[in-house]
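The next block holds one structure in the form of structure tokens; read it before the comments.
Numbering (my numbering), first residue to last: 4 to 175.
Right, dumping it as structure tokens:
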């Protein structure tokens, strides 16, 4: 089944346009929504996953869980869906609010999006993480310093945005 997305304007209002996510080319003033989840374990370390080597973009790079917001979803709905899909961890019913957001405009590629970062404090241990085939091949629990070192050795997707989100929240 083809994944559908809602198209939003700059102010996050639905435009009434729903299109397939695959191959979407957004025009000026059109955006899709994404979510990213900073998942913090009780010991203060963050969950990072390594992208599948079969991914057509960013194969083998490290990242934090997240993904696209489907048609009809809010960003909160999407984070509650994406985290279990990618990690096997359950997001509780707590009322979560994004800690940071940013907008990307790439008119040449039609890749316009708005991203909401959520900071989840989940009660889990490393053994609770269950990676989904095709999504990730490895995971680590990392301090912020570990993530910085990992970014120096490899690539951590959204590294600067993760730092900005943690700074905006006052964690860094």
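Just so you know, even glycine gets a beta-carbon here, dropped at the ideal spot from N, CA and C.
Since the structure is predicted, the reported quantities are computational estimates derived from the model, not experimental observations.
Judged by DSSP secondary structure, residue 118 falls within the beta strand (DSSP E) whose first and last residues are 116-124. Counting the other Cβ atoms within 10 Å of the Cβ of residue 65 gives 16 or more, which makes it buried. Taken in chain order, the complete beta strand (DSSP E) segments of 3 or more residues contained in the segment 33-109 are 35-43, 49-54, 69-71, 103-107. Apart from sequence neighbours up to five positions away, the residues of its chain that approach residue 166 with a beta-carbon distance below 7 Å are 175, ordered along the chain. Taking the C-beta atoms as reference points, residue 159 is found nearer than 8 Å to residue 51.
Cβ atoms of residue 94 and residue 8 stay farther apart than 8 Å, at about 21 Å.
Burial is judged here by how many other beta carbons sit within 10 angstroms of a residue's own beta carbon; residue 139 has at least 16 and is buried. Between the C-alpha atoms of residue 96 and residue 122 there is a straight-line separation of about 14 Å. The segment 143-162 and the segment 13-22 do not touch, with fewer than three beta-carbon pairs separated by less than 8 Å.
Shown here for residue 91: same chain residues with a beta carbon closer than 8 Å to its own, the five before and five after excluded, namely 131, 132, 133, 134, 135 in chain order. Residue environment: residue 115 is assigned as buried (16 or more neighbouring CB atoms within 10 Å of its CB, all protein chains considered).
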